[in-house]
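Novice:
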Amino acid sequence: MLSVKDLNLYYGSIHALKGINLEIREGEIVTLIGANGAGKTSTLRTLSGLEAPESGEIFFGARSLKAAAAHKLPSLGMAHVPEGRRVFSSMTVMENLELGAYARKDKAKLKTDYDYVFEKFPRLKERRKQLAGTLSGGEQQMLAIGRAMMTQPKLLLLDEPSMGLAPIVVQEIFNIIKQINEAGTTILLVEQNANLALSIADRAYVLETGRIVLEGNAQELLKDEKVKEAYLG
1 MLSVKDLNLY
11 YGSIHALKGI
21 NLEIREGEIV
31 TLIGANGAGK
41 TSTLRTLSGL
51 EAPESGEIFF
61 GARSLKAAAA
71 HKLPSLGMAH
81 VPEGRRVFSS
91 MTVMENLELG
101 AYARKDKAKL
111 KTDYDYVFEK
121 FPRLKERRKQ
131 LAGTLSGGEQ
141 QMLAIGRAMM
151 TQPKLLLLDE
161 PSMGLAPIVV
171 QEIFNIIKQI
181 NEAGTTILLV
191 EQNANLALSI
201 ADRAYVLETG
211 RIVLEGNAQE
221 LLKDEKVKEA
231 YLG
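Laid out in structure tokens, this is it:
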């Protein structure tokens with residue numbers, strides 16, 4: 001579904017991504033784990049067109065994304081839930097969801113998809129007329145995911161969905177991430193909580209200072225002594 005070959009990204013003189021290679025197959029949950037500054041968020045931002053790589057290839061299916069503008073990617077089937085949620089705080093919950101669907105042509109199916117989001121996140125239904133900026137952190141994360149789901153993504157990029165949230169809310173959100181995947185959406189997950197990320201993923205890549213240093217089956221990496229020592233505490 002997604003193929004990345006020899007991806008290099010610079011911020012000025014800083015070489016942030018150093019020859020990244022990764023593959024994501026349809027139906028998987030793949031996670032990127034690593035310390036702060038390892039390049040996880042930079043990888044997602046480059047895949048979704050928010051950063052321009054110095055070199056390398058990104059293929060989404062058979063299509064090269066090298067020249068694709070970020071705002072075109074949702075209509076191709078890729079949605080990005082950014083770090084920090086980035087909801088439109090002065091707009092209502094419903095208006096945020098409507099923005100997720102702004103480019104869709106199949107208006108007849110919108111009600112079905114709003115109902116799907118409200119089924120997954122009942123609190124959003126209760127608060128659909130409330131300003132997004134007044135929601136709790138967990139509710140804003142639910143809204144950010146719901147807004148992305150309104151684009152009908154084939155591939156969902158999730159950047160740090162657990163950040164700043166209480167453990168009980170994190171567990172709820174990760175349960176829903178699994179349900180979204182089981183319903184047919186492929187997921188690329190960046191997550192500081194490596195234990196949790198590996199527990200729901202099929203495969204994983206470990207990043208260190210902009211390089212992939214390890215990859216493999218997520219359950220096997222959970223048992224790997226080096227991974228345990230470096231990332232699992």
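In terms of UniProt numbering, the sequence shown opens at residue 1 and continues consecutively. Beta carbons are placed, not taken as given, at the ideal position from N, Cα and C, and that holds for glycine.
Check whether the segment 11-21 touches the segment 60-67, taking contact to mean three or more Cβ pairs, one atom from each stretch, closer than 8 Å.
Specialist: With a cut-off of 8 Å, the segment 60-67 and the segment 11-21 do not count as touching, because too few Cβ pairs lie within range.
Novice: For Glu195 and Leu232, which I take to be in contact (beta-carbon distance under 8 Å), what is that distance rounded to the nearest angstrom?
Specialist: The residue you asked about is not Glu; residue 195 is Asn in the sequence shown. About 5 Å; that satisfies the 8 Å criterion.
Novice: With distances taken between CB atoms, is the gap from Asp159 to Leu44 smaller than 7 Å?
Specialist: Closer than 7 Å, so yes.
Novice: Report yes or no: do the segment 29-40 and the segment 50-65 share at least 3 C-beta pairs separated by less than 8 Å?
Specialist: Result no; under three Cβ-Cβ pairs closer than 8 Å.
Novice: Taking the CB atoms as reference points, tell me whether Ser48 and Leu157 lie closer together than 7 Å.
Specialist: For Ser48 and Leu157, yes; Cβs fall inside 7 Å.
Novice: Reducing DSSP to helix, strand and coil, say where Lys5 ends up.
Specialist: Residue state, collapsed to three classes: strand.
Novice: Out of Asn217, Asp106, Phe59, Lys226, point me to the one whose CA is closest to Leu198's CA.
Specialist: Out of Asn217, Asp106, Phe59, Lys226, Asn217 has the C-alpha closest to the C-alpha of Leu198.
Novice: Just to check my reading of the structure: Gly84 and Leu207 have Cβ atoms closer than 8 Å, yes? What is that Cβ distance to the nearest angstrom?
Specialist: The Cβ separation is near 19 Å, so there is no contact.
Novice: Select from Thr41, Met150, Val170, Ile14 the residue whose C-alpha is nearest the C-alpha of Gly100.
Specialist: Looking at the Cα atoms, Met150 is the closest of the given residues.
Novice: Where does the unbroken alpha helix (DSSP H) through Thr43 begin, and where does it stop?
Specialist: 40-47 is the extent of the alpha helix (DSSP H) around Thr43.
Novice: Between which residues of its own chain and Ala201 is the CB-CB distance below 7 Å, once the five residues before and five after are set aside?
Specialist: Answer for Ala201: Ile29, Val30, Thr31, Leu189, Ala218, listed in chain order.
Novice: From the DSSP output, in three-state form, read off Arg127 for me.
Specialist: Arg127: coil per DSSP, three-state reduction.
Novice: Exposed or buried, what is Lys72 when buried is set at 16 or more other beta-carbons lying within 10 Å of its beta-carbon?
Specialist: Exposed: under 16 other Cβ atoms inside 10 Å.
Novice: Roughly how many angstroms lie between the CA atoms of Ala144 and Val87, to the nearest whole one?
Specialist: Going by the C-alpha atoms only, they are around 6 Å apart.
Novice: Comparing alpha-carbon positions, which option in Ser55, Thr186, Glu51 lies nearest Lys5?
Specialist: Of the listed residues, the one whose Cα sits closest to Lys5 is Ser55.
Novice: Measuring alpha carbon to alpha carbon, tell me which residue in Tyr11, Gln179, Glu215 is nearest Glu119.
Specialist: When only C-alpha atoms are compared, the closest one is Gln179.
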